Each structure stands twice: as structure tokens, then as C-alpha cells.
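Accompanying notes for the structure given below.
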Amino acid sequence: MNLRPDPTFHATPKLAMEAPAENLAFTLMLSPDGSQPDGLAIVDVDPNSETYSQIVHQVIMPNTGDEFHHFGWNACSSALSPLTGHAFLERRYLIIPGIRSSRIYVIDVKEPLKAKIHKIIEPEEVFSKTGYSRPHTIHCGPEGIYVSTLGGGGEDGTDGPPGIFIMDCETFEILGRYEMDRGEQTKHYDFWWNLPRDYMVSSEWGLPPQFENGIVPEDLLSNKYGHKIHFWNLRERKNVQTIDLGANHQMALEIRPAHDPSKDYGFCGVVVDTTNLQGAIFTWWQKDDGTFEAKKTITIDPVPADADDLPELLKGFGACPPLVTDIDLSLDDKYLYVACWGLGEMHQYDVSDPMNPVLAGKVEIGGIVKKTPHPNGKTFGYGPQMVEISRDGKRVYWTNSLYSTWDDQFYPGERGAAMVMANVGENGGLTLDENFWVDFPDGYRSHQIRLEGGDCSTDSFCYPSV
Amino acid sequence: MEAVNSATALWWAVVASGIYHGVNPGMGWPLAVSAALMDRKRGSLYKALGALAIGHLIAMAAILFPFSALLFLAEWQREIQIGAACLVIALGIYLLINRRHPRFLARVPPTKLALWSFLAAMAHGAGLMLVPIYLGICRTIETDAGHAAADSLMAGNAGIAVVVALAHTLAMTVSGGLVAVGVYHWLGLKFLSKSWFNLDVVWALSLVLVGVLSLLFLH
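Written as C-alpha cells, this is what we have:
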């Protein structure tokens, strides 16, 4: 407990943008075959430092087979609302779930270069206290830390639907399930909210048998992956509305609400439209009567390709799908970054008018067919995937792995971990920074990035920018 | 003369505790700023302040009225005062040991500010802190009045309870309101994180202090 609010808590997104820039990044490393334990890499991102773009510390876990994916902070700017009563928490711990093992690590990063394991929650505890498995997204909410899961109970995670559970934000004890009434929600992926407006939005990937051993083509072609987004009354814990984006819009993943809570809209990325292989972004919004609506506002076309250039899975289609696997919104709600993992492109859309996004910048790197190298000449394996934006909106970082078994299907063979950074132009535009390239230890792939002091997909703000 | 002095001091204590609650962000003024910014209407700030005040006032009344009813047992007054003082000390010690925030407060929707304010005041023992002060005021007045009839005593005590709750809430609302207006118009929300201090320990100790003082002055 602090005597003052943590200096990295900001009342508004605007104040967060004005705060000092990040000097360190935290990047997850996963061992795709489980031969080594997964780890957390602490990366120097201070351009004035001698160890710029190098890993300066690693926390390696004591177990193998966790498969790190997403992670988050124990506390963020949401603590500044008197309603939550947690103003004096420290942003000090990273909560890292293993989506394959269901084990959860709490890492103390108070001294980042000496970051260490603070607590380990074993899978059995997650199973017995929640009936859920395969924990995933982390957000700091009204009653503690909210954790979304991808699986229900049982060996293969299909005994009951997956959902969200809550952890105590000080002791990290699992408190129990979030949902009182889940309505028609039977799958899960991401979630986020608007705290003052008291609603939450959640999305769907698929059930564990649909992803753990790789993508199941028959399920995809018969539209059996998730394609709905759910709107919840946050504090009543009730699903109040479900919007079906259309069964062809397979895998509705990241949910990115506008950071300024006075804005009543947000975005959701869809990996693939099975009718035409397009990737898509939907804009969703709350209407005056409190109900929600969603509309497709961005489509990204597939690119025709030779069967020889395509992996087994895609040969029959004669085209490379964009595969929109991650999206992220800058803190001023101006630019939406869209990772096209299949094409090997990072798109920057100006979403000042959320209903009419305009492509403002683009970087080509990696890709199934194009395999564009980094400007420094090095090979960037896979495609742009997990993307994170600096608070000031000037730097965009990304890594290249999607999920171990899926990487192997779309990009057969070991292609190596990468983390790169692009600079954002004064009036938009995106350029890769030639001097930023992180070398990872052998045998690892890289996944989500968190920035020191918070970033554009962690903090929830309780006060409008104005 | 001594009675008048201590009565004045006690009334000031009522007002001071109101200001103390009011300027503390934890009692809700940032929610008023947020309401005005969300609605883009200054009026929402005052509406939110009003809701917070109503909740706080009801919390004060809910604690003070049972004690004013108890004072009907005039011959037990000393024992009641000792009991109240001990209760306040016990709550202070409990809050010192248990430093966790009550989680149920986070379940209140942001639209129900009055309910939130009521529960926050109850959970932190804001009303209980006023009890020893209130009982002290009742005592000074009875000393003046001599042996009044039981029913008029009771009416008088209830009246004092109302005035104590109102004065405290008014002080809280005006002080919190001034901060909210200042932040909304001039200071900006940066003031929130700059000015918020963790008063948990101070708060718990002040509960103990109020209880101990009232025990000391009982003689």
C-alpha cells in the first residue's frame, strides 16, 4: 500500500499520454514444444541506453508446458475511482496465466531488473474454485482482478462454458466466478469495459478442442468458431445483449473500447470471413436507449497466391488471408492498429470517425507469402501479431507468434521470435525503426508486450479527457 | 461558562469532521467531477454532490437516531456514553488491524451515488465518529436545562441529532463541493492523483482518539 496513488495511475487517457515515456517493456517468451520453461523478458526500450532493444533480465518459470499468451497488471488507472476503493495499490505485479497449463504466475516487477516470482497459483486451484480452465485476458476491475478463461471444466475444457473469474488484487486469491447470468455466452476470448457507463463487452474464439492441437479446418469451414460479442451489465454481472456478427465472421477476438469513457463505442477484430477470406473490424456502440449495435467498418482483402507458396492448410484456397489476429487503439482514440498476421502487414487506421476508418499508414514485414525482411536486413519470421502502443502514441511495438500449434500450421518450421518497433508520424504514417530489434534466446517465441507504467491495452480510465 | 465552551468546541468538531470527510476523495467528490465531464454539463456536478450528500446524511442519521432514542434512559446516560466511546475505539482498532477495503462497495453501480455514499460512510464508521461528539453536546445542554421532563428531553436530543447530522453533512458537501468545482474549472484532474493521501491509518486513529477523549471528559 502506498501513501499516495501510484504515479503511473492517471485519471484520464490524456494525462496518461503526457506522462514520461516507457523505458522498459515486458515481453512473454514461450517454448512452443514445451521443452523449456516459459519466461518473461524485460527489454530495454530507452533509446539513450547502451542496452537499447536488448533483453536486460529474464524471469524463467519453474515449470514447462504453460504456454504464455496474454498477461496484465495487478492494478491500473482504474484504481483512481473512489467507487473501487483501491486508490493506494501499487502497479507492481504482472499476472501471467499459462493458457495450456491453467497455472497462473504473479511476478513482482517493482525492481524490473530483479523481477521475480511472487506467487504461483496451481491449475488445481483454478479448476476447483472456478470450474474454468485456460486463463487468458487480465483487467483490473471494480472488485479486483478479472481473468477471462477459454475453457470450462473437465480434461478437454468442454464441461460447461468458459467465463471470467475474479482474483483479489492484494492477496491474489481466487474469489470465484464473475457471471450471474451468462445468457447465450458459451465461448470466450477477450473482454473489456467502460467503467463509468458500467458495461462490459466480451468476445469468442473457440473451445479448447478447437485450438489446442491446432486450428480445425472443418470447424472453421462450417463456421463453428465464435462469431458473437456479448454485452454485460458490469456490476449486475448479467449478459444484457448478444450481437451475432454473422456466422461467417469467424473468431471475434480483441475488444478495444474507446479509452475516453465519455465515448460510447469501441472495436472488435474478426480473424477471417469464411465467405471471402477477408479480415474485418466491427465498430460497436451504445445507443441512447442503452442497447448496443455493431457494424462492419473495415475489411481487408486476401491476396491471391500460388499454392506452392501456401502452407498445406491454405493450398486449396489459392489466396493468402489477412488473418486479423490483434488490434490496439491509441490512448487518444485516434489510431487503430490492425495486425494482419497472414499477409505480413501492420495497418494503421485513423478512426477519429469510428464509423468511417481511413487507412493512414502501413508497414510490411514477414508474411506467409511476402516474407518481407526487416529494414535492418534480418528475417522476420511469421507475421506481425501482438501489438502494443506507447502511451504517448508515438511508438508501436509488436511480436510475431500467434499460438504455438497455429504458428506451425500457417508457418511450418521454426521461424524464430521477434520484437520490432515502428515510429508514428506527426500526421499518421508508420515506419519501422531500423535500430530496434530484439534478439530472443534460442527455442523461444515471443507473445504479448506490456510497457512499463501501463500501455494502450491495460489501463481503464474513469474520467473523460476533455 | 465551561459548558458553553465545551459545547462550542464540540460543534466545531462536528463541522471539522465534515470538512475532513468532504475533502477526502474517498468520500466521493471525484465522482461529481466525473459526472459533469461525462454529461458535459456543469449541472451534473451539483446533482452528483446532492446525491452524495443525501447518502451521507442518511448514514449519519441512521447512526445518531438510535443513540438519541437510548438517551431516553436518562439515568443510564453515563453508561451509554462509555459504551459509545468503547464502540468507536473498537471500530478504530478493527480498521487498524483489517486494512482491506470492503468489496461490496465496488458492487454499487455508478448511477446509484446516494446508495454508494451511504454505504461508504457506514463502512468507514463516519457516523459512529460523530456519536461521542453528539452525546457530549446533549450532555452540555442538559446541564443547562437541569432536570427537564423525559419527553421534552427526548425531543430535544432528537432535534440535536438532526442538527448535528445536517451541520456535518453541510460542512462535508460544501468542502467537497468546493474541491470538485475547483478541479472541474481550474485545477484539472491531475489534482486528484496529486492530492489524494492514504488516510486509512489516520482515520482509524482518529476514531480511537475521539473515543478516548470522550472517555476522559466523562468525569
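These protein sequences, in sequence, are chains C and B.
Residues 0 to 465 (numbering that gives the first Met the number 0) are what the first sequence spells out, left to right.
Residues 0 to 218 (numbering that gives the first Met the number 0) are what the second sequence spells out, left to right.
Yeah, the Cβ is synthetic: ideal placement off N, Cα and C, and Gly gets one too.
In this text the structure is predicted, and so the values were computed from the model without any measurement.
- Near chain B, meaning a CB-to-CB distance below 9 Å, the residues of the stretch 129 to 156 of chain C are G140, P141, E142, G143.
- Taking C-beta atoms under 8 Å as the contact rule, C:P320 and C:T11 fail to qualify, at a distance of about 38 Å.
- Within chain C, the residues whose beta carbon sits less than 8 Å from that of B:F196 are L2, R3, listed in sequence order.
- Inter-segment contact for the stretch 374 to 387 of chain C and the stretch 288 to 308 of chain C is absent: fewer than three beta-carbon pairs are separated by less than 8 Å.
- Ranked by Cα distance from B:I92, the first of B:L204, B:L104, B:G42 is B:L204.
- Under the DSSP definition of a beta bridge, B:A8 lacks any partner.
- The C-beta distance from C:I280 to C:C339 rounds to 11 Å, too long to fall under 8 Å, and the pair is not in contact.
- In this structure, C:E203 places its C-beta atom within 8 Å of the C-beta atom of C:K186.
- Collapsing the DSSP output to three states places C:M250 in a strand.
- Taking CB atoms only, C:D287 has no neighbour in chain B less than 8 Å away.
- Per DSSP, C:H135 is one residue of the beta strand (DSSP E) stretching across 132 to 140.
- Legend: CB atoms of the stretch 69 to 91 of chain C lying less than 8 Å from CB atoms of chain B belong to residues L79, S80, P81, L82, T83, G84, H85, A86, F87.
- Linking C:L342 to B:L44 through their CA atoms gives a straight-line distance of about 50 Å.
- Shortest Cα-Cα distance from B:L56 to any of B:L129, B:T168, B:V173, B:T172 involves B:T168.
- Chain-order list of chain C residues neighbouring B:M37: P195, R196, P260, S261, Y462, P463, by C-beta distance under 9 Å.
- Our two residues, C:H373 and B:F190, have alpha carbons roughly 44 Å apart in a direct line.
- The criterion of a C-beta distance shorter than 8 Å is not satisfied by C:G315 and C:M250.
- In the three-state reduction of the DSSP assignment, B:H184 falls in the helix class, which pools H, G and I.
- For B:K40, the nearest beta carbon of chain C is not closer than 8 Å to its own beta carbon.
- With a cutoff of 8 Å on beta-carbon distance, C:D5 and C:E142 are scored as not near each other.
- Under DSSP, the beta-bridge partners assigned to C:C267 are C:I254, C:F281.
- With 16 or more other Cβ atoms inside 10 Å of its own Cβ, B:L94 counts as buried.
- Less than 8 Å divides the Cβ of C:L244 from the Cβ of C:H226.
- At the C-beta level, C:V55 and C:L112 come within 8 Å of one another.
- A direct Cα-to-Cα measurement between C:K377 and C:D432 gives close to 13 Å.
- Counting along the chain, no beta strand (DSSP E) covers C:H9, and no H or E run does either.
- Assignment of beta-bridge partners to C:W192 by DSSP yields C:M199.
- Scanning its chain for C-beta atoms nearer than 8 Å, with the 5 sequence neighbours on each side dropped, one finds around B:V180 the residues L44, in chain order.
- F8, H9, A10, T11, L14: these are the residues of the stretch 8 to 22 of chain C whose beta carbon lies less than 8 Å from some beta carbon of chain B, given in chain order.
- Contact between the stretch 293 to 313 of chain C and the stretch 405 to 421 of chain C is present, with at least three C-beta pairs closer than 8 Å.
- Contact between the stretch 78 to 98 of chain C and the stretch 24 to 35 of chain B is present, with at least three C-beta pairs closer than 8 Å.
- Within the model, the alpha-carbon separation for B:L70 versus C:N73 is close to 49 Å.
- Taken through DSSP and simplified to helix, strand or coil, C:I41 comes out as strand.
- C:R133 sits buried, since 16 or more C-beta atoms from the chains shown fall within 10 Å of its C-beta.
- C:S459 and C:L27 have their C-alpha atoms some 22 Å from each other.
- Scanning chain B for C-beta atoms nearer than 9 Å to the C-beta of C:R234 yields A105, R106, V107, P108, P109, reported in chain order.
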